[in-house]
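See structure below.
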Amino acid sequence: MAAQSALSGLVAFLCAFVGWAQVSIRGPIDDPNPVRKLQTNTYPAEGLKEQYATLKYAHEAHADWPRNLNVLPAKDMALEAEVKRIVDSMTLEAKIAQMVQVGIPETDVASITAERGWSVGNLLSGPGAQIGTHQPYEWLNQAEVLLNTSAYQAGVKIPYIWGMDAIHGHNNQPTGVIFPHNIGLGAANDTELMKKIGEITAIQLNLVGVDWAFAPCVANPQLLRWGRVYEGYAAHPETIRRLSKAMILGLQGDPRDNSYLNASHVLASIKHWIGDGATEEGIDAGDTFLPEDKLIKEHALPYFDAIENGVATVMVSFSRYNGTKMHGHEYLLKTVLKETLGFDGIVISDFEGHQHVDGCDRWHCAQAVNAGLDVFMVAWGDDWDHFSRNTAEQVRNGTIPEERINDAATRIIRTKARLGLIDTVHRPAGPRPSPWQRADHLAQEGHYFGAPEHRAIGREAVSKSLVMLKNNGLVLPLDSSMRVAVVGRGGNSIALQCGGWTVDWLGSKENPNEMFGDATTIYGGIAEKGVQVDYSFNGTEGLSGDYDAIIVVCAENPYSEVEGDIRINTTISFAHMGEGDGWYDLSVLEAMRQQHPNSKIITVFISGRPLYTNRLINLSDAFVVAWLPGTEGGGIADVLFGEKNMTGKLPFDWPTDPCDASTNSGNYGGIWHIGGGLTYGYDRTMETLTEHRIDSYFLCEKYKSSLIQYTTSPPVEEEQEEQGGWDGQWNDGQWN
């Protein structure tokens, strides 16, 4: 992981000062204990741990989980009989081998099959994985080899299933369309668009021979401090339910017809079961303390719809629920998910996630097997081998019942049969074609990385995701006859537009635009329209004379997971983030306001979450939130110049206090709350917002009164009137 020296020093000071142990490090690779030691939760609220320990688990109060879900696809008796025949014929080692997921290309799975007579069941290519020179045909060639070297059981070939993190499109392949992150899609709030994005993502994966997308994420983020806020659609469960259902149908097809898991679709994995967005203080992989009825109401709804629409796999959260790691939570994995809800697909771990269960490490975890995990991501080195051998021994000594292994193997073979990989099973969509056959068929239909149809959907998603919080004097939309400048780090950077989970895990602001093929920056999208436009990174070089409008693009730097956490008791001020880049962006905006007093200043804010930006808003005539829009910056130009309307609405509350990190106050209707956002033509002048002068330690909570001073500007007043045509009512999770 990239170290952030300045912030790391501050975090160390804060940890010592406040007395909380928060550490995120990587362990040595030769240590069978954690590869990545996630943060240790320390229960900041006095007595909170003890309070929930007294309750033990809320399920003892018989929480009302639904028992009558219409689980799809319906059981096929012929399929079930053949799956049973195959599993019954397998040795213990062969069944356990189906339960592991190994890394590709680093693991020589063909040699494993040749030496041992059985195949591992599942493959994983993590963020940043490359095969050869990373051309699609090289991935397809590898996929064909993997298919042809799969082992046979009971006279039937049992192929691998190959998965990847397709977080916002096939984000490991930069020449294709990379869609807005989920936070932007939540602002767009368009189910038909979501389904199309799912369909294109599935096509992209099939173009490289991959069968399985680790998506969608259905977290309900509760605090802006969490480093995965942008992976959530909204802070409202009904909205998450609607959008994730559409995404699953796009990825997998509809289990009610022959599109389900056909040659154009892939397996989906809804994640992360469950409560990952509600950890204390927004600590990634921390502890979620909730009564069970609240867990159901606020975090489970998307899973119910997913199961009723055929979702094939469920990924488990790194986090804890009321003190117990989800990877070892037998009640929530086995009793609730599998037995009560009736889910009959695969329950898969997160990356090496079993190692964090109490009493486990990377090579041993009977607790997670017994709790109900079916597939284990043991993709670090030869962890899969040690884990498989140890699990077999634990079965033989009675620590793990063999019935549990049989259940896991059955679920895995059932899923492969539904995908069309088991030749002796008939299914409506027919056998799954080989990787090259699928790719050739898609190519004949006009699909390839960066295809115009794909880019058009990406551009539509961007244009619908923009949220306008200010438009004083109706400065937007701009006229194409104007002389315009685009200024700032984010104005001509695909890497900043895409954010984390792009090319590799963290993403990188250093990735050059050329890496992304025919992608379009904000500046490039405006230039394509024939507008007279100049670009300057710093606000000086590249500019000359006067401009009618200056578009200043401020941007969060890319991050993912724990690397994006905003530490406890610090502010959520944009200016204090990004190793000085936040301050730099603010200084550029201030310079533009001072040096060009007669120009209209429009700020476009690229970010993975709402942040405290009062000064940026005050310096701007218009303020537009673009979230993390991905590769199609032309969608932003379409809206700024009035070819498309400004229709996006806030999926999370927007903070006007540097210490207010909540995502959902429960107030709907104000400009700063969920559903807020102006449309073109709504004539209203925003008053100056309070600007908070923040001490150099920028601490919050009990330190706030002594370390934060206020200017004489009037306090922000909450506005409950209609904003830009929105009716102020919450209707079934829709705000448009």
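Using mature numbering (1 follows the signal peptide of the UniProt record, and there is no 0), the letters of the sequence shown correspond one by one to residues -21 to -1, 1 to 715. Every residue, glycine too, gets a C-beta built ideally from N, C-alpha and C.
Can you give me the C-alpha to C-alpha distance between Gly82 and Cys339, rounded to a whole angstrom?
Start at 1 with the first residue of the sequence shown, and residue 82 comes out as number 103. Start at 1 with the first residue of the sequence shown, and residue 339 comes out as number 360. Each residue's Cα considered, the two are about 21 Å apart.
Just confirm the distance between the C-beta atoms of Leu607 and Gln476, as a whole number of angstroms; I'd bet it's less than 8 Å.
Position 628 of the sequence shown, counting from 1, holds the residue named residue 607. Position 497 of the sequence shown, counting from 1, holds the residue named residue 476. Their Cβ separation, rounded to whole angstroms, is 7 Å, which keeps Leu607 and Gln476 in contact under 8 Å.
Among residues of its own chain, excluding the 5 on either side of residue 739, which ones have a beta-carbon nearer than 7 Å to its beta-carbon?
This structure gives no information on residue 739, because the portion of the chain shown stretches from -21 to 715.
Per-residue DSSP class, three states only, for Tyr647:
On the sequence shown, position 668 is the one that residue 647 refers to. In this structure, Tyr647 counts as coil in the three-state DSSP scheme.
In the DSSP assignment, find the alpha helix (DSSP H) that holds Trp118 and state where it starts and stops.
In the sequence shown, the residue the question calls residue 118 occupies position 139. Looking at the DSSP string, the run of the alpha helix (DSSP H) that includes Trp118 is 115 to 127.
Beta-carbon within less than 6 Å of Leu352's beta-carbon, same chain only, minus the 5 sequence neighbours each way: which residues are those?
The count along the sequence shown starts at 1 and reaches residue 352 at position 373. Contacts found: Val326, Ser328.
Sufficient close CB pairs (3 or more, under 8 Å) joining the region 281 to 290 to the region 238 to 256:
yes
Counted within 10 angstroms of its Cβ, other Cβ atoms place Ala57 as buried (16 or more) or exposed
Along the sequence shown, one-based indexing puts residue 57 at 78. Ala57 comes out exposed.
Cβ shell of Arg587 (< 8 Å), same chain only, five flanking positions each side left out:
Reading the sequence shown from its first residue, position 608 is the one you call residue 587. Inspection of the sequence shows that residue 587 is occupied by Gly rather than by Arg. Only His160, Ile162, Val208, Tyr209, Gly478, Gly479, Glu535, Tyr538, Gly543, Trp606, Leu607 meet the Cβ criterion.
Over the uninterrupted alpha helix (DSSP H) stretch that includes Val88, give me the two end residues.
For this step, residue 88 is matched to residue 109 along the sequence shown. Residues 88 to 95.
Going by C-alpha to C-alpha distance, which of Val354, Asp362, Ala554 sits closest to Arg341?
As a working note, residue 341 is residue 362 in the sequence shown. Taking only the C-alpha atoms, the option nearest Arg341 is Asp362.
Beta-carbon proximity list for Ile580, same chain, < 7 Å, skipping 5 on both sides
The residue you call residue 580 lines up with position 601 of the sequence shown. So the qualifying residues of the chain are Ile529, Val531, Met571, Arg572, Leu598, Ser599, Asp600.
What does the Cβ neighbour count give for Ala519, buried or exposed, with the cut at 16 atoms within 10 Å?
What you label residue 519 is simply residue 540 of the sequence shown in a count that begins at 1. Looking at the sequence itself, residue 519 is Thr, so the reference to Ala does not match. Label assigned to Thr519: exposed.
Under a three-way DSSP split, which group does Cys344 fall into?
Here residue 344 refers to the residue found at position 365 of the sequence shown. DSSP places Cys344 in coil when its eight states are reduced to three.
Buried or exposed for Arg390, going by 16 or more other Cβ atoms inside 10 Å?
Residue mapping note: residue 390 aligns to position 411 of the sequence shown, counting from 1. So Arg390 counts as buried.
Going straight from the alpha carbon of Arg438 to that of Ala167, what length do you get?
Stepping through the sequence shown from its first residue, residue 438 is reached at position 459. Stepping through the sequence shown from its first residue, residue 167 is reached at position 188. Spanning the two alpha carbons is a distance of roughly 12 Å.
Between Pro414, Ala464, Asp255, Leu629, which has its C-alpha nearest Tyr514's C-alpha?
For the purposes of this step, residue 514 is taken as residue 535 along the sequence shown, with counting starting at 1. It is Ala464.
Three-state secondary structure (DSSP) at Lys449?
Residue 449 sits at position 470 when you count from the first residue of the sequence shown. Lys449 falls in the strand class under three-state DSSP.
Any idea if Val567 is buried or exposed, counting beta-carbon neighbours within 10 angstroms, 16 or more meaning buried?
Against the sequence shown, residue 567 aligns to sequence position 588. Per the 10 Å Cβ criterion, buried.
Select from Leu203, Ala257, His244, Thr170 the residue whose C-alpha is nearest the C-alpha of Arg220.
Along the sequence shown, one-based indexing puts residue 220 at 241. The shortest Cα separation from Arg220 among Leu203, Ala257, His244, Thr170 belongs to Thr170.
If you draw a straight line from the C-alpha of Asp386 to the C-alpha of Ile436, how long is it?
Taking the sequence shown and counting its residues from 1, the one referred to as residue 386 is at position 407. Taking the sequence shown and counting its residues from 1, the one referred to as residue 436 is at position 457. Distance between the alpha carbons of Asp386 and Ile436 is about 41 Å.
Let me make sure I understand the geometry here. Which of Ile286, Gly654, Asp617 has the alpha-carbon closest to that of Ser459?
Against the sequence shown, residue 459 aligns to sequence position 480. The candidate whose alpha carbon is nearest that of Ser459 is Asp617.
Proximal residues to Ser153 (C-beta, below 6 Å), its chain only, five neighbours per side dropped:
In the sequence shown, residue 153 corresponds to position 174, counting from 1. It is Pro, not Ser, that sits at residue 153 in the sequence shown. Closer than 6 Å at Cβ, skipping near neighbours: Val482, Met494, Phe495.
Quick one, which of Asp263, Lys74, Ala214 has its alpha-carbon nearest Glu540's?
Here the question's residue 540 lines up with position 561 in the sequence shown. Out of Asp263, Lys74, Ala214, Asp263 has the C-alpha closest to the C-alpha of Glu540.
For Glu489, which of Trp359, Gly503, Ser472, Gly559 has the nearest alpha-carbon?
Numbered from its first residue, the sequence shown carries residue 489 at position 510. Minimum Cα distance to Glu489 is reached at Ser472.
Measuring straight from C-alpha to C-alpha, what distance separates Leu629 and Leu48?
Here residue 629 refers to the residue found at position 650 of the sequence shown. Here residue 48 refers to the residue found at position 69 of the sequence shown. Looking at the two C-alpha atoms, the distance is approximately 32 Å.
Taking His308 and Ala345 to be in contact with their CB atoms under 8 Å, please state how far apart those CB atoms are, rounded to whole angstroms.
Counting from 1 along the sequence shown, the entry for residue 308 is found at position 329. Counting from 1 along the sequence shown, the entry for residue 345 is found at position 366. About 14 Å separates the two Cβ atoms, so there is no contact after all.
Only counting the same chain, and skipping five residues up and downstream in sequence, which positions put a Cβ closer than 8 Å to that of Asp323?
Translated into the one-based positions of the sequence shown, residue 323 becomes position 344. Closer than 8 Å at the Cβ level, and outside the excluded window around Asp323, lie Val50, Lys54, Lys317, Arg390, Arg393.
Could you spell out where the beta strand (DSSP E) holding Cys533 opens and where it closes?
Within the sequence shown, the letter at position 554 stands for residue 533. 528 to 534 is the extent of the beta strand (DSSP E) around Cys533.
Going by DSSP, which residues form a beta bridge with Met305?
Position 326 of the sequence shown, counting from 1, holds the residue named residue 305. None, per the DSSP bridge assignment.
Determine the extent of the alpha helix (DSSP H) in which Asp67 is found, giving its start and end residues.
Working through the sequence shown from its first residue, we reach residue 67 at position 88. Segment 56 to 68, the alpha helix (DSSP H) holding Asp67.
Segment contact flag, the region 127 to 142 with the region 82 to 99, C-beta cutoff 8 Å, min 3 pairs:
yes
In angstroms, rounded to a whole number, what distance separates the CA positions of Asp639 and Thr403?
Translated into positions along the sequence shown, residue 639 becomes position 660. Translated into positions along the sequence shown, residue 403 becomes position 424. Distance between the alpha carbons of Asp639 and Thr403: 58 Å.
Comparing alpha-carbon positions, which option in Asp284, Phe602, Val374 lies nearest Thr218?
Here residue 218 refers to the residue found at position 239 when the sequence shown is read from its first residue. That would be Asp284, whose Cα lies nearest to the Cα of Thr218.
Since Asn237 sits in a beta bridge, which residues does DSSP pair it with?
In the sequence shown, residue 237 corresponds to position 258, counting from 1. None, per the DSSP bridge assignment.
Among Gly321, Val88, Ser487, which has the Cα closest to the Cα of Gly360?
For the purposes of this step, residue 360 is identified with residue 381 of the sequence shown, where counting begins at 1. Comparing Cα-Cα distances from Gly360 to each of Gly321, Val88, Ser487, the minimum goes to Val88.
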